[in-house]
Structures are given as C-alpha cells and as structure tokens.
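**Student:** One structure is given below, represented as structure tokens, and several questions about it will come after.
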Amino acid sequence: MKRFDISVLMTDELRAFLHGAHSDPFRILGPHRLRDDVLVRVFRPDAREVSIKLDNNGSVVPAEKIQGDGLFQATLEKCARDVPYTLKIKRWDGSEQTTRDPYSYGVIMGEVDVHLFAEGQHWRLYEKFGAHLRQIGDDNGVYFAVWAPNAQRVSVVGDFNGWDGRVHAMRRLIGSGVWELFIPGIGENAHYKFEIRTGAGAIFLKSDPFAFFSQHGKETASLVYDLNRYRWADGAWMEARRSKNMPRSPLTIYEVHLGSWRRKAEEGNRFLSYLELADTLLPYVVEMGYTHIELMPVAEHPFEGSWGYQVTNYYAPTSRFGKPDEFRHFVDRCHQAGIGVIMDWVPAHFPKDAHGLAEFDGTDLYEHMDPRQGEHADWGTLIFNFGRNEVRNFLIANALFWLDQYHIDGLRVDAVASMLYLDYSRKEGQWIPNAFGGRENLDAVYFLKRFNEVC
Numbered sequence: 015m016k017r018f019d020i021s022v023l024m025t026d027e028l029r030a031f032l033h034g035a036h037s038d039p040f041r042i043l044g045p046h047r048l049r050d051d052v053l054v055r056v057f058r059p060d061a062r063e064v065s066i067k068l069d070n071n072g073s074v075v076p077a078e079k080i081q082g083d084g085l086f087q088a089t090l091e092k093c094a095r096d097v098p099y100t101l102k103i104k105r106w107d108g109s110e111q112t113t114r115d116p117y118s119y120g121v122i123m124g125e126v127d128v129h130l131f132a133e134g135q136h137w138r139l140y141e142k143f144g145a146h147l148r149q150i151g152d153d154n155g156v157y158f159a160v161w162a163p164n165a166q167r168v169s170v171v172g173d174f175n176g177w178d179g180r181v182h183a184m185r186r187l188i189g190s191g192v193w194e195l196f197i198p199g200i201g202e203n204a205h206y207k208f209e210i211r212t213g214a215g216a217i218f219l220k221s222d223p224f225a226f227f228s229q230h231g232k233e234t235a236s237l238v239y240d241l242n243r244y245r246w247a248d249g250a251w252m253e254a255r256r257s258k259n260m261p262r263s264p265l266t267i268y269e270v271h272l273g274s275w276r277r278k279a280e281e282g283n284r285f286l287s288y289l290e291l292a293d294t295l296l297p298y299v300v301e302m303g304y305t306h307i308e309l310m311p312v313a314e315h316p317f318e319g320s321w322g323y324q325v326t327n328y329y330a331p332t333s334r335f336g337k338p339d340e341f342r343h344f345v346d347r348c349h350q351a352g353i354g355v356i357m358d359w360v361p362a363h364f365p366k367d368a369h370g371l372a373e374f375d376g377t378d379l380y381e382h383m384d385p386r387q388g389e390h391a392d393w394g395t396l397i398f399n400f401g402r403n404e405v406r407n408f409l410i411a412n413a414l415f416w417l418d419q420y421h422i423d424g425l426r427v428d429a430v431a432s433m434l435y436l437d438y439s440r441k442e443g444q445w446i447p448n449a450f451g452g453r454e455n456l457d458a459v460y461f462l463k464r465f466n467e468v469c
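Just so you know, we're using the working numbering here: the sequence shown kicks off at 15 and counts up by one.
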C-alpha cells in the first residue's frame, strides 16, 4: 500500500465535507484515478478499521485513517478505475460488516426521467422517487431519490447509519435539483429520513415525500417498503369496471372515517386494523345495500383530529390501521364483494409539521412564498404552489399512484372551493388578484383540469 499525502485533498473541500456542507460527496469519497492507481476514500465514523477487498483476485488492502472523524484512504495499485471491490469494516463495538461502497456507482436516474419531472409530466414519478428496493449489478440495496433544489447538502439518515448525515450524503444531479444515492446492503423495513442542510446552514430532518410507508404520531420516520409483493384477486371487478356505464348505474355511497367507525373498547379503545375492517365494515356496507364506500383520507397524517384532511405523507396509507399491503387487502376484499372504493384526496393544502413538506429544502418549495397565496389562516395549513411544474407533477402522480397501486375506483377532491378562489375566507387586502385582476386561481384551475384529463 502506498501512503498518500492528505494535502492532495483540497483542504477547503475536505473541511466542508467533514462539516456536512459539501454538495458533491463523490468528489471526496469512492474510487478516484491517480495515475496508474486507484485511490479509494471511505468515511465511516463507526469504524475502527477499514480495508478494501478486490473482487478480481481476492486481495485485501488495508485503508489508512487519515482524519480522526473517520475518513479512511487506500491506494489500489495498477487497477482500473471501475475495479469492483467491497469494503470490510470493523466497528468500534467489535462487530464487522462487508458491503459494497455506495460511492462506487455511477448516476442512476435517467435523463428522460429528470426532463419529464421538470416539465411536470412524469406520471409514474413514484417509480423513480422515494426509496426503492433495487438490484444494481449483483448488489441488492435501496435506491433513494428526492427533490430539494435549494439544499446545500442532502443525506439519507436512518437506523442503518446511526442517523449520521455525514455517512450517506447524496449525489446532486446537476440542473435538476434531484438528489440520489444507492445504498447496498439495506432492505425492507429500514427506517430513514432525509437530512437537509439549507443554503443558510440550517439542518432539517424530513420524512420522504414519496415514502410508501411511514410512522405516525410522534414517530415520523419513513420505512422502506416493497410494493411489488402483493397479488390482487380483483381481476373480475377491474375488467368489468372498464365497460360499466357509471353515469347510468345506481350509485349509493357510504362515507366513513376508518378510525371512528368502530373501536375495540375491550382493548383500550384501539383502532380496528385494515384486516379487521375487511371482516366487519365491509359486510355492513354490503348488508345496507351500498354500491360504494368512500373513505375519508387514508394517507398518513399526524393529527388525529384532522380526520385525515391534513396530510404529511401523500404516498403512504396511514400505519394506524396496518401496513400498505393490508390496506390493499381491504380494497381487494371490497372489490370481490362488488363494492367500489372511493378515497378522499387532499391536494389543496398541507400542514406545517416540521417533518413534512413545509419549507422542505429551507425554501418555500411546495408552497407559495407569499402568505396571501400560500397559507390558510383558518386551518393553519399551507397551500400548494399549483403554478410550479414539479408540484403539479407530485400531486397528479400521487392521484395516479392510488388508482394504479391501490386499485382505487375514484377520488373525491377535498376543499376545491379553497383552491379555485384566491379570496377564499380572506378579507380585502389579504389576497392577491390573478393576472387579469380576478379572484380565480388560474393555476389551480389548470391543475384540476389537467388532473382530470390525466386520470
């Protein structure tokens, strides 16, 4: 092993990285060409020793600790830049780990995906953003992607890295505001958040806007979840739905809030689960002669008193009643019993909870900057900026997500009047007219029309 002079590293860059303020960790970490050799840097504060094992010949190269916080470095002599290797890590607690280097992979998200998102027309956005179990080459792990264009640095933190934002800093895709990272070796049920360092140096912990599963209440971590496992049994319903003339068909809707329809009084007045609701609520709806059940919002929300109308996690059915596949089971059972499922959907506004969408990257990203356009004083919530391509895309893709991944039969849009009128519940001087001097929110009108067209 050759010794490598730390002065070769640009000291300002190294200092920024160690303080969690570097926007491109791939400039510091991973493999780097050094004449005929390859220099590999690894940052692991939990490691006592790190070594590099080469796949081609099985040789092991010890890494030298070149900085006290946990920066290691090794020189692989006479190797190609893309030489495959694994990291052998011996932790301070005596445990050991063998893993691929997250900083040995190239750019993963495609240019077309980034382009469509910027245009506001990537209708399967949920397949690209968030946390996805993936195999890259022979390596299994989780791919993370998030939109935070004004962040100085974004990291994936979780129960797999001690919630240390320095360990898994993400790559920024130039010109898009999208950050990505593939972390090998982690799997389903991993708890995670995004640690975001703003341009002003403040650090936020944010839940994943595209998380498929999330904690609720005081615990607000996102969870990695596999949506490809469930096998639907409602094929007959889905096929018959294609040819059914809904405007000429009888329609009787039972509207219900799953959390208060019935409780288990003998067990501390707990909620019924999705599985229990399939065995109790569904037979009731069938017996009463309804054709459809309308669920008050089931997307994850922190405040029980909102009845689900203040959503923080738009892509995650609330974990109050069970796991995502258990909610799918409920919908599946409804369809098998001949009952359609409508879901209340809330694209008008969202709460200010610190872990949610509010000031996501330190700026008014999803909401309007001016409170006369961006805040509902009555409800204490923020209004989506419907004029921004990426925000419209986030919402329309979310509507399609429920129709696609959960076989929802219809979406009842909540608080439409508050979306359509700029002076909704506002006194004179508390709102801004549109470009023509009127009270109509033209961006919201366009959004609702586009939403209906695409759905």
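Every residue gets a Cβ at the ideal spot worked out from N, C-alpha and C, and that includes glycine. Quantities reported herein were computed from a predicted structural model and do not represent experimental measurements.
Can you say whether lysine 220 is buried or exposed, counting buried as having 16 or more other CB atoms within 10 angstroms of its CB?
**Tutor:** buried
**Student:** Going by DSSP in three states, lysine 220 sits in which element: helix, strand or coil?
**Tutor:** strand
**Student:** Taking buried to mean at least 16 other C-beta atoms within 10 Å of its own C-beta, is isoleucine 188 buried or exposed?
**Tutor:** exposed
**Student:** Cβ-heavy atom distance between glycine 231 and the ligand ATP below 7 Å?
**Tutor:** This structure simply doesn't include the ligand ATP, nor any ligand for that matter.
**Student:** By Cβ distance below 6 Å, which residues in the same chain neighbour histidine 271 in space, the five residues on each side in sequence not counted?
**Tutor:** Result list for histidine 271: Met310, Trp321, in chain order.
**Student:** I'd like the span of the beta strand (DSSP E) that includes glutamate 209, first residue to last.
**Tutor:** 205-212
**Student:** Starting from alanine 30 and walking both ways along the alpha helix (DSSP H), at which residues does that stretch end?
**Tutor:** That run of the alpha helix (DSSP H) goes 25-32.
**Student:** Assuming contact is defined by CB atoms lying nearer than 8 Å, are alanine 411 and cysteine 469 in contact in what I supplied?
**Tutor:** Not in contact: alanine 411 and cysteine 469 (Cβ atoms no closer than 8 Å).
**Student:** Identify, in the order they occur along the chain, each residue of the same chain with its Cβ nearer than 8 Å to the Cβ of isoleucine 422, setting aside the five sequence neighbours on each side.
**Tutor:** Val345, Val355, Ile356, Met357, Trp416
**Student:** If you reduce the DSSP assignment to three classes, tell me which class alanine 61 lands in.
**Tutor:** If DSSP states are grouped into helix, strand and coil, alanine 61 belongs with the strands.
**Student:** Give the secondary structure of aspartate 153 by DSSP, where H, G and I count as helix, E and B as strand, and everything else as coil.
**Tutor:** In the structure shown, aspartate 153 sits in a strand (DSSP, three-state: E or B).
**Student:** Let me know if glycine 120 comes out buried or exposed under the rule of 16 or more other beta-carbons within 10 Å of its beta-carbon.
**Tutor:** exposed
**Student:** Is the separation between the beta-carbon of phenylalanine 470 and that of phenylalanine 285 shorter than 8 Å?
**Tutor:** The displayed coordinates of the chain run from 15 to 469. Any statement about residue 470 would go beyond what the structure contains.
**Student:** Report the rounded CA-to-CA distance for aspartate 152 versus glycine 199, giving the unit in angstroms.
**Tutor:** 11 Å
**Student:** Report, in whole angstroms, the separation of the C-beta atoms of lysine 207 and alanine 235, which I expect to be a contact under 8 Å.
**Tutor:** 6 Å
**Student:** Using C-beta distances below 6 Å, list every residue in its chain close to aspartate 173, excluding the 5 sequence neighbours before and after it, in chain order.
**Tutor:** His205
**Student:** What does the Cβ neighbour count give for lysine 102, buried or exposed, with the cut at 16 atoms within 10 Å?
**Tutor:** buried
**Student:** How would you write the range of the alpha helix (DSSP H) that aspartate 358 sits in, first residue to last?
**Tutor:** Not the alpha helix (DSSP H): aspartate 358 falls in the beta strand (DSSP E), residues 354-359.
**Student:** Expressed to the nearest angstrom, what Euclidean distance is found between the alpha-carbon atoms of glycine 13 and tryptophan 106?
**Tutor:** Summary: the structure shown does not reach residue 13, with the chain confined to residues 15 through 469, and so no result is reported for it.
**Student:** Using the C-alpha atoms, what's the distance from valine 75 back to alanine 94?
**Tutor:** 15 Å
**Student:** Quick one: grab the DSSP three-state call for threonine 89.
**Tutor:** Per DSSP, reduced to three states, the secondary structure at threonine 89 is strand.
**Student:** Kindly indicate the opening and closing residues of the beta strand (DSSP E) around glycine 134.
**Tutor:** It is not in any beta strand (DSSP E) - glycine 134 carries neither H nor E in the DSSP assignment.
**Student:** In the DSSP assignment, find the unbroken beta strand (DSSP E) run with glutamate 253 in it and report its ends.
**Tutor:** Not the beta strand (DSSP E): glutamate 253 falls in the alpha helix (DSSP H), residues 249-257.
**Student:** On the three-pair Cβ rule with 8 Å, is the stretch 76-95 touching the stretch 46-57?
**Tutor:** yes
**Student:** Starting from proline 198, follow its DSSP beta bridges and name the residues at the other end.
**Tutor:** Gly155
**Student:** State the DSSP-derived secondary structure class of glutamate 233, mapped to helix, strand or coil.
**Tutor:** coil
**Student:** Roughly how many whole angstroms lie between the Cα atoms of isoleucine 307 and glutamate 314?
**Tutor:** C-alpha separation (whole angstroms): 19 Å.
**Student:** Report the CB separation of threonine 332 from valine 312 in whole angstroms; it is logged as a contact under 8 Å.
**Tutor:** Indeed, because the Cβ distance is near 6 Å, the residues count as touching under 8 Å.
**Student:** Just curious, the alpha helix (DSSP H) that phenylalanine 412 is in, first and last residue?
**Tutor:** A small fix is needed here, since residue 412 is asparagine in this sequence, not phenylalanine. First-last of the alpha helix (DSSP H) with asparagine 412: 403-419.
**Student:** Write down the C-beta distance between asparagine 399 and tyrosine 380 rounded to the nearest angstrom, noting that I regard them as a contact closer than 8 Å.
**Tutor:** Yes, they are in contact, since the Cβ atoms of asparagine 399 and tyrosine 380 sit about 7 Å apart, within 8 Å.
**Student:** Could you spell out where the alpha helix (DSSP H) holding glutamate 381 opens and where it closes?
**Tutor:** Per DSSP, glutamate 381 belongs to no alpha helix (DSSP H) and is neither H nor E.
**Student:** Measure the Cβ-Cβ separation of serine 432 and alanine 362 and say whether it is below 8 Å.
**Tutor:** yes
**Student:** Consult DSSP for arginine 55 and reduce its assignment to one of helix, strand or coil.
**Tutor:** strand
**Student:** Does the distance from the C-beta atom of alanine 372 to that of leucine 396 stay below 8 Å?
**Tutor:** yes
**Student:** Would you list the residues sitting across from glutamine 111 in a DSSP beta bridge?
**Tutor:** Ile103
**Student:** By alpha-carbon positions, which one of Tyr239, Ile80, Glu281, Thr266 ends up nearest to phenylalanine 352?
**Tutor:** For the record, residue 352 in the displayed sequence is glycine; it is not phenylalanine. Selected option, being the one with the closest Cα: Thr266.
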